[in-house]
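Novice: Handing you this structure, nothing more for now.
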Amino acid sequence: MLEVAAVSGGMAGSPVAVEAVPLDPADWDRGWEQGLVPLDAALQEALVRLGIGPRARATLVYHDPDVLAEVFSPPGALADARKAAQLALAEAFPGKVQGCPSALTLLAKDRTGENPRHHLLGVMDRNERLECLCDWLRRAGCTVKELIPAKALLLAHAVNTATDADSDGPAATLLFADHATVIVGVSDGAVRVTRMIAFGHDLLTDAVLRAARGLAGDDATLTRDRAAAELFRVGLPGRDDEFPLADGLTGTQILPLTQPVLQRLAVEIKQTLRFALEESDLSRVRIVLTGTGAAIPGLSTIISESLDAQVDIADAVQHCRNEVLRPTSELDLVARRRRPAVSLLPASEVRHRDYRRAVAGVRIGAVLAILSLAGMYLAASNTEQRINAQSASLASFLARARDHATQAQQAAAIEENFRHQLHLVDQALAPRADWQAVLGELSRQATAGVKLTELSAAASGAGPTVIVKGFAELPANPAAADPLGGYIEHLSGSPLFAAVDMGPTRTNDMEGRTVKLFTLTLKLHALPDHAEALTDAQPGGPL
Amino acid sequence: MNAVNARRVLAQTIIIAAAAVGAWQVGLRPHAARVARAQATLDAERAEVAGYESQRETQVTNPYGLITDIETRAQRLDDLSRRSGRTANLYDMLGGLAARAGVDVERIDPKGSQNPIKDKQAKTGQSVAGTVYAIEINGPYDRVASFLGLLQHDAGLTKVVSFRMTPTPPATPAIAADAAGQASSALVSATIETVHYRLVADGEAGKTASAAGAHP
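Sequence lines, in order, name chains A and B. The first sequence begins at 67 in my numbering and counts up one residue at a time. The second sequence begins at 157 in my numbering and counts up one residue at a time.
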């Protein structure tokens, strides 16, 4: 059977439609040999009916008798358990391990016991089988997302159902599927055994179909689909009950063919549980029936009677989550959120994904590079704008400050130059004396009887001096004061003169009078530099 | 990933990396360099502003006013220099001063030029050139004194180097004597040696001597 489910919103979404295309199991080996090319038409037909376009992402659940799917329960920590499970997986695989894709995932951990075990689901398949499946999907226009062995899904569901059961006593889960049966034994919260048997309720369908064909001959309407449909509708008949697949078909014809299947099922369950559980637990073991076979009416009763144990149908079967899919069918299990991560991908797909990842990485890198460059450019532009704005705000102040500084320098230079000019002028004019004042003072201080006959003055390096020549009339009374002495005394008291030195004197007769000829050397106080004072004069005033 | 795809990815990576490096080199790096230069300029401007702020108290508050003031004073000094340094004007000026003082100028006799006075520490190259004159005047004692005062105050950069005063006529016994302390009005003859300075630039000083000439 090829079943295709259209899922909206990815695999996490809900299946919206299912198309089933019947396949003859006898053609399977030929199909594998021809690279599944004989199944191309069936797949494309189903896709067209479901309206699934090209490049749809496909998750494929497949049955392959050669795929290895097994639950390993090595002791020890998880890391050690993984290593041990990996080795066990490689050892259990029937063929050359090198190049075969594999996967290992943790299903459960024992809740009790001193050394609780980790239960790891290991899956391994041949690369060429996986390449074949990928090519089949690609030819149909699909993009490969996952390739999941159906055995892995069934094992995981059975273990999860067993470990989820809230029971401290001995329990077992029986997953009865199309082509496989899984038995999981649990005791004291620990998984004791997980076993997959390569037969399923397809054998019951075959038995019913053979019984019908034995009665009705090669009726073209007697198909596996009809047989399965009737089996799931009315269940296994009693000995005298009619079975609506063919006229006159009753349990008398069917039960001899189905009984071996049911007996084998019972034997397998008993042996498995006997191996896993204590003898005392076997009588009170509670069995949970799940899998698509659990939907066959009356099957749980038959198993309960044959095992003498309580058999309950699992909630997952009784409460259908999605009406589109058969409960606990492979498609139903793969559509659930809780499913094992055991996708196997062939080397070509791994390489293709690596290439796509690399291309995506390069593109992301290119985009990041462009964004980084653009970001840096924008950041630099913003910084430049900010700097320019700040610089512009400083510009006017700087211009004024620079102009001020230039003017200040210029002023300093001009002032220095001007000071040099003043200094030169002062150097040239020094020493100076106020000659008008000196002459006035000489005249004003002259006492009676003192006459000046010659004045000579000079302003040289030794300072301004005046040499005064004259005569003084001597008084007739010798006791009277000498007029020259009074003159000298007056001159000495004048602030204009620094020193008054009298030179040689000589007494002489002049026009009948006795006079004393004298020479005075007057040293003057030099006037201070006055070039600056000259330039301080108000404009327009006398210079 | 097979070898072809690996080479393809590698080629794409190299192309993108080269494009990114090229974009960086051509577009972003010069831009970043420009921004760095602008930042450096801004930092320098800020430092300059900080420098101006710190110098504000020590700097001249109003350089424009100072320059104007110095220029005005320099102009006055230049006027003084021209007043005393221009030979052509000198005789008129001395005559005018003599008239104001009330003395008679008998003779103005140029005696040549002094060596220019230079300020060795100054870098301006300026100097002061002086021309020596001997001036003979006649007049009352107090007027001669006034003339000397005018020479010192109203004749620009003029220095009275020396003078000699004798009575006029020579038979007069005294040139100045006043028991009451009043300015004497005795007539005197005075020979005054003056130097008339002017500010000159380098190479201009030699012209001073040649420009001077005798005046009866």
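Where is the CB? At the ideal position from N, CA and C, for every residue including glycine. Owing to the predicted nature of the structure, the values given are computational and were not obtained by experimental measurement.
1) Closest by CA to A:LEU365, which one among A:PHE242, A:ILE320 and A:ALA295?
2) List in chain order: all unbroken alpha helix (DSSP H) runs of 4+ residues lying wholly within the stretch 523-603 of chain A.
3) Residues of chain A with CB under 9 Å from B:SER283, in chain order?
4) Using only alpha-carbon positions, find the residue among A:VAL127, A:GLU111 and A:LEU490 that is nearest to A:PRO120.
5) Taking a cut of 7 Å between CB atoms, which residues from the stretch 400-416 of chain A lie near chain B?
6) Quick check on A:MET442: does DSSP put it in helix, strand or coil?
7) Which residues share a DSSP beta bridge with B:ASN218?
8) So A:LEU173 and A:LEU187 are in contact, right, with Cβ under 8 Å, and what is the actual spacing, rounded?
9) Run through the DSSP bridge pairs and tell me what A:GLU212 is partnered with.
10) Suppose contacts are defined by Cβ-Cβ distances below 8 Å. Is A:VAL225 in contact with A:HIS185 by that definition?
11) Can you list the residues of chain B that A:GLU520 reaches, using a CB-CB cut of under 9 Å?
12) Would you kindly work out how many angstroms separate the C-alpha atoms of B:ALA335 and A:LYS535, rounded to a whole number?
13) Residues of chain A with CB under 8 Å from B:ILE226, in chain order?
14) Hey, how far is the Cα of B:LEU246 from the Cα of B:ASP310?
15) How many angstroms separate the CA atom of A:ALA446 from the CA atom of B:ALA196?
16) Are there three or more Cβ pairs, one per stretch, closer than 8 Å when the stretch 96-106 of chain A is compared with the stretch 114-129 of chain A?
17) Taking all protein chains shown into account, do 16 or more other C-beta atoms lie within 10 angstroms of the C-beta of A:MET576, making it buried, or fewer, making it exposed?
18) Scan the stretch 419-445 of chain A for residues whose Cβ lies nearer than 7 Å to a Cβ of chain B and list them as they occur along the chain.
19) Just to make sure I have the definition right: I need the residues of chain A whose C-beta is within less than 7 Å of the C-beta of B:ALA188. Which are they?
20) How is A:PHE436 classed by DSSP in three states: helix, strand or coil?
21) What residue from B:GLU349, B:ASP275, B:GLY281 and B:ALA285 has the CA that sits closest to B:PHE303's CA?
22) Looking only at its own chain, which residues have a Cβ that is under 7 Å from the Cβ of A:LEU116, when we skip the five neighbours before and after it?
23) Candidates B:ASP275, B:GLY281, B:THR243 and B:GLY258: which alpha carbon is nearest B:ILE264's?
24) How is A:GLN376 classed by DSSP in three states: helix, strand or coil?
25) Can you tell me which residues form a DSSP beta bridge with B:ILE119?
26) Taking the Cβ atom as the reference point for each residue, do A:ALA496 and A:ASP595 lie within a distance shorter than 8 Å?
27) At 8 Å on the CB atoms, spell out the chain A contacts of B:ALA200, in chain order.
28) When DSSP labels each residue in this structure, what does A:LYS162 get in the three-state scheme?
29) With which residues is A:GLY251 paired in a DSSP beta bridge?
30) With a CB to CB cut of under 8 Å and the five nearest residues on each side skipped, what residues in its chain are close to A:ASP234?
31) When you compare each of B:TYR297, B:GLY241 and B:ASP248 to B:GLN270 by their alpha carbons, which one comes out closest?
32) Give the straight-line distance between the Cα atoms of A:ALA514 and A:GLY506, rounded to the nearest whole angstrom.
33) Taking the straight line between their C-alpha atoms, what separation do you get for A:GLY165 and A:LEU153?
34) Assuming A:ILE453 contacts B:VAL356 under a Cβ cut-off of 8 Å, what Cβ separation, rounded to an integer in Å, is found between them?
35) Pull up the distance between the alpha-carbon of A:ALA528 and that of A:ALA512, whole angstroms please.
36) Using 8 Å as the limit for Cβ to Cβ distance, is A:ALA599 near chain B?
Specialist: So, from the listed chains and residues:
1) A:PHE242
2) 549-558 and 597-601
3) LEU490
4) A:GLU111
5) none
6) helix
7) The partner list for B:ASN218 (beta bridge, DSSP) is empty, contrary to what the question assumes.
8) 5 Å
9) A:THR125
10) yes
11) ARG320, MET321, THR322, PRO323 and ILE331
12) Bear in mind that the predicted position of B:ALA335 carries a pLDDT of just 46, short of 50, making it too unreliable to give a figure here.
13) ALA477, ILE480, GLU481 and PHE484
14) 12 Å
15) 14 Å
16) no
17) exposed
18) ASP420, TYR421, ALA424, VAL425, VAL428, GLY431, ALA432, ALA435, LEU439, MET442 and TYR443
19) ALA446
20) Looking at the sequence shown, residue 436 of chain A is not Phe but Ile. Residue state, collapsed to three classes: helix.
21) B:GLU349
22) VAL70, ALA72, ALA83 and GLU85
23) B:THR243
24) strand
25) Only positions 157 to 372 of chain B appear in the structure, and residue 119 of chain B is not among them; the question remains open.
26) yes
27) In chain order: nothing, as chain A lies at least about 10 Å away.
28) coil
29) A:ALA238 and A:VAL259
30) ASP254 and GLY255
31) B:GLY241
32) 16 Å
33) 15 Å
34) Not confirmed; about 53 Å, so no contact.
35) 26 Å
36) no
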